[in-house]
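S.K.: Keeping their order, the protein sequence lines are chains R and G.
My numbering applies: residue 37 is where the first sequence begins, and numbers increase by one.
My numbering applies: residue 37 is where the second sequence begins, and numbers increase by one.
All residues carry an ideal CB built from backbone N, CA and C; glycine is no exception.
Protein chains: 2
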Amino acid sequence: MGRPRTPLLDRERITETALQLVDEQGDFSVPQIAKRLGAQTGSVYHHVDGRDGIVELLRERVASAIDPSTLDAAPWDAALEAWARSYRAAFAAHPRAIPLLMTSPVRAPRVLEQYERAVTLLLDAGFAPRSVMPLIVALENLVLGSALDLAAPETMWELTADTATPRLAEALTAVGPDRADRAFEVGLTGLMNHARALRTADTA
Amino acid sequence: MGRPRTPLLDRERITETALQLVDEQGDFSVPQIAKRLGAQTGSVYHHVDGRDGIVELLRERVASAIDPSTLDAAPWDAALEAWARSYRAAFAAHPRAIPLLMTSPVRAPRVLEQYERAVTLLLDAGFAPRSVMPLIVALENLVLGSALDLAAPETMWELTADTATPRLAEALTAVGPDRADRAFEVGLTGLMNHARALRTADTA
Numbered sequence: 037m038g039r040p041r042t043p044l045l046d047r048e049r050i051t052e053t054a055l056q057l058v059d060e061q062g063d064f065s066v067p068q069i070a071k072r073l074g075a076q077t078g079s080v081y082h083h084v085d086g087r088d089g090i091v092e093l094l095r096e097r098v099a100s101a102i103d104p105s106t107l108d109a110a111p112w113d114a115a116l117e118a119w120a121r122s123y124r125a126a127f128a129a130h131p132r133a134i135p136l137l138m139t140s141p142v143r144a145p146r147v148l149e150q151y152e153r154a155v156t157l158l159l160d161a162g163f164a165p166r167s168v169m170p171l172i173v174a175l176e177n178l179v180l181g182s183a184l185d186l187a188a189p190e191t192m193w194e195l196t197a198d199t200a201t202p203r204l205a206e207a208l209t210a211v212g213p214d215r216a217d218r219a220f221e222v223g224l225t226g227l228m229n230h231a232r233a234l235r236t237a238d239t240a
Numbered sequence: 037m038g039r040p041r042t043p044l045l046d047r048e049r050i051t052e053t054a055l056q057l058v059d060e061q062g063d064f065s066v067p068q069i070a071k072r073l074g075a076q077t078g079s080v081y082h083h084v085d086g087r088d089g090i091v092e093l094l095r096e097r098v099a100s101a102i103d104p105s106t107l108d109a110a111p112w113d114a115a116l117e118a119w120a121r122s123y124r125a126a127f128a129a130h131p132r133a134i135p136l137l138m139t140s141p142v143r144a145p146r147v148l149e150q151y152e153r154a155v156t157l158l159l160d161a162g163f164a165p166r167s168v169m170p171l172i173v174a175l176e177n178l179v180l181g182s183a184l185d186l187a188a189p190e191t192m193w194e195l196t197a198d199t200a201t202p203r204l205a206e207a208l209t210a211v212g213p214d215r216a217d218r219a220f221e222v223g224l225t226g227l228m229n230h231a232r233a234l235r236t237a238d239t240a
């Protein structure tokens, strides 16, 4: 028997299929991937380092949409802010992957390299080593919370006559349609201002 | 046939079962709830306002752990900060419910009442109506991102000899074990400082 020209399974197709499943249902299983690809579950395991390996392929796939050149900008705060914006856009495309990726340890080499670059940016800017990860994680928590918020319905608060919420109604009318973007800007501005203050304290 | 003393189905048991399913798998279906309760799917629908109604019961259940008295504190910024801390703790107990609740419209009366109180706090403190929802949503994005981060593994970055990440290693060693709490404090401090600045601008 000849080998097929196009292999039924490869890491790229396994990753795409896992991402489709996560986009649809928030999770995936290896048997589900096998079924979609018309393969045996055992065959999938030949190509990847277990279920955890597929999670890391997903992480590299989603994070590959973050523009790495943002971290080359100067000064450091412009770089960090541009990275945060690109990070939010990348994960907003796959909001249901966020909980899965946030609760699995990071092993993907290309993603670890991106953390190495972000950490280097902040250390070179003068941050104390103990300040760096809290700042990066705070930024990620805001970015990923805001990416989930982009998947919220247009009308997030459905007011009814049953519940008296006149001031909520007033605030919702005043904010207009770009609520999610305005909320992200408020959070990002607050965090970037605080980052500048932390650096000033660390370099004093 | 007599009616059973303890009804097989009621909203409380449906809510508990839906929450168990969400905690386990990040989602629920009405047939799954019926199966766990040994009932027909149609019977479940007799007690709730459809699947969306169950989502709102879940929202009330998870949000009921937020201490509402936090919003009575004075001054306004102490109240907002205490509310954010209690909000994070409530959702950290059910991290897998976060994406589901963030992407469904809020209809639960008791939750709408909590928004009404938070909005009232900020309007009474002098915030412009258009500033209120962006600030509340920014705080929620940080709170819910940070609640998901509390569900992350103790060792979130698994460094290997294959990938050279000496500065990430340095930053991770320096931060110590309370990374998640320190990150939340950085984010919350930044956002609260920015909230005070926004209020100063709005009342100028």
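Is the shortest distance between the beta-carbon of R/GLN68 and the beta-carbons of chain G less than 8 Å?
M.R.: Taking Cβ atoms only, chain G never reaches closer than 8 Å to R/GLN68, which makes this a no.
S.K.: Taking a cut of 7 Å between CB atoms, which residues from the region 226-240 of chain R lie near chain G?
M.R.: Listed by position along the chain: GLY226, LEU227, ASN229 and HIS230.
S.K.: When the Cα atoms are used, what is the spatial distance from R/ASP85 to R/MET228?
M.R.: Between R/ASP85 and R/MET228, the C-alpha separation is close to 38 Å.
S.K.: Could you tell me the alpha carbon to alpha carbon distance between G/ASP46 and G/SER100, rounded to whole angstroms?
M.R.: Straight-line Cα distance between these residues: approximately 18 Å.
S.K.: Roughly how many angstroms separate the alpha carbons of G/THR22 and G/ASP103, rounded to a whole number?
M.R.: No answer is possible for residue 22 of chain G: it lies beyond the span of chain G, which begins at 37 and ends at 240.
S.K.: With 8 Å as the threshold, decide whether the Cβ of R/ARG143 is near any Cβ in chain G.
M.R.: Taking Cβ atoms only, chain G reaches closer than 8 Å to R/ARG143, which makes this a yes.
S.K.: Between the C-alpha atoms of R/VAL173 and G/ALA161, what's the straight-line distance to the nearest angstrom?
M.R.: The straight-line gap from Cα to Cα measures roughly 30 Å.
S.K.: Quick check: G/ALA263 and G/LEU171, are their CB atoms within less than 8 Å of each other?
M.R.: Residue 263 of chain G lies beyond the stretch modelled for chain G, which goes from 37 to 240, so this question has no answer here.
S.K.: Could you name the residues of chain A that G/PRO170 contacts, counting a contact when the two beta carbons are closer than 8 Å?
M.R.: In the structure shown, chain A cannot be found, because the protein chains are R and G.
S.K.: Check whether the Cβ of G/ARG121 lies closer than 8 Å to any Cβ atom in chain R.
M.R.: Cβ-Cβ to chain R under 8 Å: no for G/ARG121.
S.K.: Should G/GLN76 be flagged as near chain R, meaning a C-beta pair shorter than 8 Å?
M.R.: So no, G/GLN76 is outside the interface.
S.K.: Give a yes or no on whether the C-beta atoms belonging to G/LEU136 and G/VAL91 are separated by under 8 Å.
M.R.: Cβ distance < 8 Å, so G/LEU136 and G/VAL91 count as in contact.
S.K.: When the Cα of G/ALA108 is compared with those of G/TYR123, G/ALA154, G/HIS82 and G/ARG95, which residue comes out closest?
M.R.: Per the sequence presented here, residue 108 of chain G reads as Asp, with Ala not at that position. The shortest Cα separation from G/ASP108 among G/TYR123, G/ALA154, G/HIS82 and G/ARG95 belongs to G/ALA154.
S.K.: Which two residues bound the contiguous alpha helix (DSSP H) that contains R/THR77?
M.R.: Looking at the DSSP string, the run of the alpha helix (DSSP H) that includes R/THR77 is 77-83.
S.K.: Rounded to whole angstroms, what is the Cα-Cα separation between G/ALA133 and G/THR239?
M.R.: The straight-line gap from Cα to Cα measures roughly 37 Å.
S.K.: On the DSSP letters alone, give me the boundaries of the alpha helix (DSSP H) that R/THR201 sits inside.
M.R.: Here R/THR201 belongs to no alpha helix (DSSP H), and DSSP marks it neither H nor E.
S.K.: Quick one: is R/ASP108 near chain G, going by C-beta distance under 8 Å?
M.R.: Not one chain G Cβ lies under 8 Å of R/ASP108.
S.K.: Using a beta-carbon distance cut-off of less than 9 Å, what residues from the region 127-140 of chain G approach chain R?
M.R.: Listed by position along the chain: PRO131, ARG132, ILE134, PRO135, LEU136, MET138, THR139 and SER140.
S.K.: Kindly confirm or deny that the region 179-189 of chain R and the region 173-193 of chain G touch, where touching means at least three C-beta pairs closer than 8 Å.
M.R.: Verdict: yes, contact present.
S.K.: Measuring alpha carbon to alpha carbon, tell me which of R/GLU48, R/TYR151 and R/PRO141 ends up nearest G/ALA207.
M.R.: Nearest option by C-alpha distance: R/TYR151.
S.K.: Determine the chain R residues that contact G/SER182 at a beta-carbon separation under 7 Å, and present them in chain order.
M.R.: Per Cβ cutoff of 7 Å: ASN177.
S.K.: Since R/ALA128 is in the alpha helix (DSSP H), which residue starts that stretch and which ends it?
M.R.: Start and end: 112-128.
S.K.: Which word fits G/ALA219, buried or exposed, when buried means at least 16 other C-beta atoms lie within 10 angstroms of its C-beta?
M.R.: Buried: at least 16 other Cβ atoms inside 10 Å.
S.K.: Can you tell me the Cβ-Cβ gap for R/VAL222 and G/ARG166, rounded? I've got them flagged as a contact below 8 Å.
M.R.: Not confirmed; about 11 Å, so no contact.
S.K.: Quick one: which residues of the region 182-199 of chain G get their C-beta closer than 8 Å to a C-beta of chain R? List them in chain order.
M.R.: Listed by position along the chain: SER182, LEU184, ASP185, ALA187, ALA188, PRO189, THR191, MET192, TRP193, GLU194, LEU195, THR196, ASP198 and THR199.
S.K.: Pick from R/SER122, R/THR191 and R/VAL80: whose alpha carbon is nearest that of R/VAL98?
M.R.: Residue R/SER122 is the option with its Cα nearest to R/VAL98.
S.K.: Would you call the CB atoms of G/ARG72 and G/ALA144 closer than 8 Å?
M.R.: For G/ARG72 and G/ALA144, no; Cβs fall outside 8 Å.
S.K.: Could you work out which residue in G/ARG87, G/PRO189 and G/GLY78 is closest to G/ALA54 when comparing CA atoms only?
M.R.: Of the candidates G/ARG87, G/PRO189 and G/GLY78, the one whose C-alpha sits nearest the C-alpha of G/ALA54 is G/ARG87.
S.K.: Nearest chain G C-beta to R/VAL173 closer than 8 Å, yes or no?
M.R.: Interface residue, yes.
S.K.: When you compare only the Cα positions, how much space is there between R/ILE50 and R/ALA75?
M.R.: Taking the straight line from one Cα to the other gives about 11 Å.
S.K.: Check the DSSP bridge columns for R/VAL142 and list the partner residues they point to.
M.R.: DSSP lists G/TRP193 as partners of R/VAL142.
S.K.: Taking 7 Å as the cut-off, is the C-beta of G/GLU92 nearer than that to any heavy atom in the ligand GTP?
M.R.: The ligand GTP is absent from the structure shown, which contains no ligand whatsoever.
S.K.: Does DSSP put G/THR225 in a helix, in a strand, or in coil?
M.R.: Helix.
S.K.: Where R/GLN56 and R/VAL142 are concerned, what is the direct C-alpha to C-alpha distance, given to the nearest angstrom?
M.R.: One C-alpha to the other measures close to 21 Å.
S.K.: Candidates R/ASP217, R/GLY226 and R/GLY62: which alpha carbon is nearest R/THR139's?
M.R.: Cα-wise, what sits closest to R/THR139 is R/GLY62.
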